[in-house]
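For reference, the structure is listed below as structure tokens.
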Amino acid sequence: MNSFKFLTAPDVPAAIQLTDDQPLAAFIAGGTNLLDLWKYNLVNPTALIDISQLATLSALRELENGGFRLGAAVKNADTAYHPIIESRYPLLSKAILAGASAQIRNMASNGGNLLQRTRCYYFYDHQVPCNKRVPGSGCPAREGYNRMHAILGASEACIAVFPSDMCVALAALEARINVTGIDGERSLAFSDFHRLPGERPELDNNLKPGELITSIDLPEKGFPLNYSYLKLRDRHSYAFALVSVATALEMDGHTIKEARIALGGVAHKPWRSLEAEEFLRGKTACRENFAAAADIILEGAVGLEYNRFKIKLAKNAIIRNGMMALDPDAQLPGAQPSL
Amino acid sequence: MNTDKNVGRPISRLEGREKVTGAARYAAEHPLEGLLHGYVVSSPITKGKIVEIDTTEAMAIPGVVDILSHLNRPKLAWFDLQYTDMDAPPGTVFKPLYDENILYNGQPVALVVARDFETARYASTRIVLRYQQEPHQTCLEKHLDKARAPKKGLATALKPPPPPPTGDFENAFENAAVKVSATYHHGTEHHNPIELFATTTLYQGDGKLTIYDKTQGTINNQLFIANVFGLHYKDVRVLAPFVGGAFGSGLRPQYQLFLCVMAALHLKSHVRVVLDRKQMFSFSHRPPAVQQMHFATDINGKLTALGHNTLAETSNFEDYTEPTSNWSHKLYPAPNTLFEHKVVPLDVYTPMDMRAPGGSTALHAIECTMDELAYKLKIDPLELRLLNYSDVDPSAGKPYTSKALRECYLEAAAKFGWDKRIAEPRSMQRGNKLVGYGMATGIWDAFQFPSRVQIMINSEGKMVVDNATTDIGTGTLTVMTQIAADELGLEMADVEFRYGDSKKPFSMFQGGSAITSSTGVAIVVAARSMRKKLLKKAAEMEGSPFRKAKEEEVVFSSGHIHLKNDPTVKISLKDIIAFNKGAAIKTTKMGRPHMLKLRKYSLATHSASFVEVEVDRDLGTITLTRAVTAVAAGKIINPKTAKSQILGSMVWGISKALHEESIMDPQLGKYINANLGEYHIPVHADIGELEVIFADEKDSLINELGTKGVGEIGLVGMPAAISNAIYHATGKRIYKLPIHFDELI
Ligand SMILES: Cc1cc2nc3c(=O)[nH]c(=O)nc-3n(C[C@H](O)[C@H](O)[C@H](O)COP(=O)(O)OP(=O)(O)OC[C@H]3O[C@@H](n4cnc5c(N)ncnc54)[C@H](O)[C@@H]3O)c2cc1C
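Going down the list, the protein sequences come from chains L and B. Using the working numbering, the first residue of the first sequence is number 76, and each one after it goes up by one. Using the working numbering, the first residue of the second sequence is number 65, and each one after it goes up by one.
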């Protein structure tokens, strides 16, 4: 049998120390991604370090700066249904609830969600080449069935997309990621956490080996009045986004004071364009302006044989979601027939 | 039928509690002392040869017992014939671990046997296999030039080729007033029952084997195993007490059965082999197809020409066909017809029947073409069907034994509110949503197979009914119990139906929506004989009031025989058996279709589906809001289990129209979404409100019960109805399935 060690640690430093002793160890939180990868022969850790019970990773709490901290081991479901998230960061709540299924959200942790791997068919099949899995082996997706793949920020080596919904909202909200490693603690801006594939598609993010995500900090501003998360996929639930959009607006009458727009399902990381958001500042919230912003966001988008549709779909989705953000109550779950 | 007390009632399935509480054991769940576990090693290449198998490292893993491959497997039957099963298409049957040749991706190349499943699976990753690859062809659309006529064989009997041409199709089509030509594309689908394919073989050591198998045909697999391994068929017993869905995939013995039995015989031990979900994509599937349609009408909408040419995938070793081009002329009369069916052999496993094989693919193309004609003619689509309605089967020139399709159309249309449809596409809206109405016809076979049933009345006066059929989740147990109870006037609680066992009297595999009519009729025939026997015995009893009673003068009810004209005169079945010295009375009879009488008729079930969709104007997202399907399938034995069959197949129709596809990467020659996360089937949110209507269809000709079967007909009309609704909503006709929402923006 495939034997491995199952290790627990009393606290964060001890957990990190374990990674130093066991270089081929993996942290395990909910296991909803790690165990799948293992069963598919994509990873083969010699030890698991259970972080799901660590107290510091398990809290949801207010921060002194007015923000809110999400423990890395807190479950996606507990995060989405937390009263403060629902009232102050409803965009995040909606994005989480658009993902996976109720059962998976009950297991999945916030830290694990950030580190879930792409759903590219070719990545998932250890019997075929994949630059992300085996650097330099090639990319069958480029000439293959690339319906789910990237239209923005892809490289010759890799066209995979990052599949998370939660992270699209976190990108729009400009969360920060707190990590601890053997060299101490550091904090990363959300936009610096995930990376584009470039020449190194095997790296999904800028976490260093052995580093543990301890928490995610939400800033004070949660855009509770005007927000919307729109997820477009091949069935109405339990499917990954082909395109998703998180929109958060701060309004002054009909005028946009501040806009945040992040896209999921289109790139190797949640996609934002500061230029587009700047463009919307001071503009009327209307279809035309959202369309113009969409054009800025999608500048340079490249379609392949099966994913070309994403360019137009993303544009239409950005426009629609902008309009929906003006009236978020109209599209709370249940009031949203076709999505 | 003696009484009609249970038949016609919506009775919940009798084994439901066992299933929902987990008490029901499926093929992989029978515990055995000392059981060994096999894990299948699948070929990662699509075509070529195995040049080396190095098992040194794997064999050294503690707990590994053996690794079987073509290099070290025991000697097996040599001739193809011995591998043939009742559903084998013409060609050379695939023989697992036969030699070094790789015929398709995912082909089993070795079986690791270990003391537990985890060790076997782990050891499979430690085997070094080297291959010599050859170029492969796996993509239907790229190799249409290879199309050729299929070979004929035994299986052709159930799957007849399309009828010969009539009139002068080319000329008629050329000069027709109104015509539509269109090409429809269908992808591959895999059955994916939730129960994984599995076999547990009990090695009894006395030359006998008891095999728990996931199958739709216990006797089919019993004979297969006996033939392949040179055993006497009486020494092989195949049991399938519960089957967690199969949808056609269990009509043929699958390779896990072969490998499991081979390992059990070789190792002289109990062995279990369970496939994993990815391996569920390594055998049977619904073949992809290209259908070229040419339909024409006169200016009033009467069809004048029907042309339907199907090009469908098959493997390079067997010629699988499903009736596809055959259907339009069974529904619609037209003087000029041309129907063809060709196969394109590729480096894939042989396709296999999957719920409404051929019919669900064909009727999509046929009924979408009819829809397109309706728009061209500016005739309501329903009216066009009624205009071309036929009580006879035009393709055979024979009347149907019964055909309540008109009632289906009208009742479903009324329930649905079809009259509220505004004809113009894109003319109905709800906010951002375009609303579309679509309808389509369904037609399917009404098969009956020979079936043999034993009935026994035991010392308690209770009835035991034996037949080898399975219950693949359709409600067979419940329905047979209902039929049997009424035949002898018993409570259902006093009837035991024993099934899922090859030792029981003969049944064909459970397919083609045939078992209710097959085993059900056999029960009727055997019960008739039993009533005779019981009456005769009763007449022999001392002072019997039945001494002179004729059959038609008595009635069986409440566990007694009564005189019809004085029901207080009665004898209990229990007393009759007591008089028989407590010995059970038995009878075994065969039920058969009345071939001679039925030769003058055509037999079919019909349906009409009406569907409403909403399509988002900017985003293309499709929501099926509601659907109504009316079915004409003769007598409905159990309206509850029958409704479940129709609901389930309507959901499958949604799946086929909008979700389900096995994606073949032509470069790699393999299906790349071989898991249930990426092989999409509808979730609850995709299903909308579904309604089922059973049209009142009395059929006194078809068989003793007047039944036709409901397992498949509910699926047939749905994909076209959905496609047509999408066209009505958006003005876009998508000539392929599944329809992706992005095609609508
Ligand atoms: C069928 C299915 C459908 C899904 N659909 C969606 C969807 O629609 N949208 C969506 O967003 N997600 C979806 N998911 C993904 C799901 O959200 C992730 O699997 C989940 O969030 C991962 O969390 P986990 O706690 O289970 O992670 P694990 O599986 O425990 O870990 C994942 C990875 O993160 C590492 N890790 C975990 N926690 C930490 C930490 N604190 N610090 C450092 N490393 C850590 C692990 O070592 C591992 O490499 C789906 C998953 C499945 C199985």
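Even glycine gets a Cβ: it sits at the ideal position worked out from N, Cα and C. The model shown is predicted, which means the values in this text are computed figures rather than measured ones.
Inter-residue CB distance, residue i and residue j (contact presumed, cutoff 8 Å)
{"i": "residue 705 of chain B", "j": "residue 543 of chain B", "result": "6 Å"}
{"i": "residue 221 of chain L", "j": "residue 380 of chain L", "result": "6 Å"}
{"i": "residue 248 of chain L", "j": "residue 287 of chain L", "result": "Not really, about 22 Å apart at Cβ, beyond 8 Å."}
{"i": "residue 394 of chain L", "j": "residue 376 of chain L", "result": "Actually they do not touch by this definition, with Cβ atoms about 15 Å apart."}
{"i": "residue 316 of chain B", "j": "residue 416 of chain B", "result": "6 Å"}
{"i": "residue 370 of chain B", "j": "residue 96 of chain B", "result": "So it is not a contact: roughly 57 Å between Cβ atoms."}
{"i": "residue 637 of chain B", "j": "residue 547 of chain B", "result": "Not quite, the Cβ-Cβ distance comes to about 17 Å (not below 8 Å), so this is no contact."}
{"i": "residue 168 of chain B", "j": "residue 325 of chain B", "result": "Contact flag wrong, Cβ pair sits at about 22 Å."}
{"i": "residue 68 of chain B", "j": "residue 550 of chain B", "result": "6 Å"}
Per-residue contacts from residue i into chain L (C-beta, under 8 Å)
{"i": "residue 737 of chain B", "result": "196"}
{"i": "residue 102 of chain B", "result": "Under the 8 Å cutoff, chain L gives no residues; its nearest Cβ is about 15 Å from residue 102 of chain B."}
Distance, residue j Cα to residue i Cα
{"i": "residue 65 of chain B", "j": "residue 466 of chain B", "result": "Low confidence applies to residue 65 of chain B: its pLDDT is 47, below 50, so where it sits in the model is not reliable, and the reading given next is rough at best. Distance between the alpha carbons of residue 65 of chain B and residue 466 of chain B: 20 Å."}
{"i": "residue 34 of chain B", "j": "residue 213 of chain L", "result": "Residue 34 of chain B lies beyond the residue range present for chain B, which begins at 65 and ends at 809; the question has no answer from this structure."}
{"i": "residue 412 of chain L", "j": "residue 622 of chain B", "result": "For residue 412 of chain L, the pLDDT reaches just 37, beneath the cut-off of 50, and the residue's location in the model is therefore unreliable, leaving the point undetermined."}
{"i": "residue 801 of chain B", "j": "residue 536 of chain B", "result": "27 Å"}
{"i": "residue 268 of chain L", "j": "residue 194 of chain B", "result": "41 Å"}
{"i": "residue 109 of chain L", "j": "residue 103 of chain L", "result": "7 Å"}
{"i": "residue 395 of chain B", "j": "residue 454 of chain B", "result": "7 Å"}
{"i": "residue 409 of chain B", "j": "residue 734 of chain B", "result": "15 Å"}
{"i": "residue 346 of chain B", "j": "residue 260 of chain L", "result": "49 Å"}
{"i": "residue 150 of chain B", "j": "residue 284 of chain B", "result": "6 Å"}
{"i": "residue 603 of chain B", "j": "residue 610 of chain B", "result": "5 Å"}
{"i": "residue 40 of chain B", "j": "residue 681 of chain B", "result": "Nothing about residue 40 of chain B can be reported from this structure: the residues present for chain B run from 65 to 809 only."}
{"i": "residue 296 of chain B", "j": "residue 470 of chain B", "result": "52 Å"}
{"i": "residue 697 of chain B", "j": "residue 515 of chain B", "result": "20 Å"}
{"i": "residue 409 of chain L", "j": "residue 130 of chain B", "result": "Any reading at residue 409 of chain L must be qualified, since the residue scores a pLDDT of 42, below 50, and its modelled position is unreliable; the value itself is stated next. One C-alpha to the other measures close to 55 Å."}
{"i": "residue 352 of chain L", "j": "residue 335 of chain L", "result": "6 Å"}
{"i": "residue 804 of chain B", "j": "residue 124 of chain B", "result": "49 Å"}
{"i": "residue 147 of chain B", "j": "residue 318 of chain B", "result": "11 Å"}
{"i": "residue 526 of chain B", "j": "residue 305 of chain B", "result": "21 Å"}
Beta carbon proximity, residue i to chain D, threshold 8 Å
{"i": "residue 124 of chain B", "result": "Included in the structure are the protein chains L and B, with no chain D among them."}
Residue i: first and last residue of the uninterrupted alpha helix (DSSP H) it sits in
{"i": "residue 561 of chain B", "result": "Per DSSP, residue 561 of chain B belongs to no alpha helix (DSSP H); it is in the beta strand (DSSP E), 559-562."}
{"i": "residue 286 of chain B", "result": "282-293"}
{"i": "residue 365 of chain B", "result": "Run containing residue 365 of chain B: none; DSSP gives neither H nor E here."}
{"i": "residue 588 of chain B", "result": "579-604"}
Bridge-paired residues (DSSP) for residue i
{"i": "residue 350 of chain B", "result": "B:253"}
{"i": "residue 255 of chain L", "result": "L:260 and L:287"}
{"i": "residue 505 of chain B", "result": "B:672"}
{"i": "residue 37 of chain B", "result": "This structure cannot settle anything about residue 37 of chain B, because the visible part of chain B is limited to 65 through 809."}
{"i": "residue 275 of chain L", "result": "According to DSSP, residue 275 of chain L bridges with nothing at all."}
{"i": "residue 378 of chain B", "result": "B:409"}
{"i": "residue 50 of chain L", "result": "Because chain L spans 76 through 414 in this model, residue 50 of chain L falls outside it and cannot be assessed."}
{"i": "residue 247 of chain B", "result": "B:356"}
{"i": "residue 625 of chain B", "result": "B:620 and B:635"}
{"i": "residue 373 of chain B", "result": "B:356 and B:404"}
{"i": "residue 100 of chain B", "result": "B:335"}
{"i": "residue 711 of chain B", "result": "Answer is none; residue 711 of chain B lacks a bridge partner."}
Interface residues of chain L facing residue i [CB-CB closer than 9 Å]
{"i": "residue 68 of chain B", "result": "Result: empty, since nearest Cβ-Cβ is about 43 Å, beyond 9 Å."}
Contact list for residue i against chain B, beta-carbon separation under 7 Å
{"i": "residue 376 of chain L", "result": "Going along chain B, no residue has its Cβ under 7 Å from residue 376 of chain L, so there is no contact; the nearest lies around 15 Å."}
{"i": "residue 202 of chain L", "result": "108"}
{"i": "residue 312 of chain L", "result": "747 and 749"}
Limits of the beta strand (DSSP E) - the one that residue i falls within
{"i": "residue 694 of chain B", "result": "686-696"}
{"i": "residue 556 of chain B", "result": "Unbroken run through residue 556 of chain B: none, as it is neither H nor E."}
Interface partners of residue i on chain L, CB under 7 Å
{"i": "residue 183 of chain B", "result": "76"}
{"i": "residue 732 of chain B", "result": "203 and 215"}
Contact set between residue i and chain B, taken where Cβ atoms lie within less than 9 Å
{"i": "residue 387 of chain L", "result": "806 and 809"}
{"i": "residue 188 of chain L", "result": "Simply none; closest approach about 16 Å."}
Chain-ordered chain B contacts of residue i [CB-CB under 8 Å]
{"i": "residue 364 of chain L", "result": "Neighbours of residue 364 of chain L on chain B: none; closest Cβ ~16 Å, over 8 Å."}
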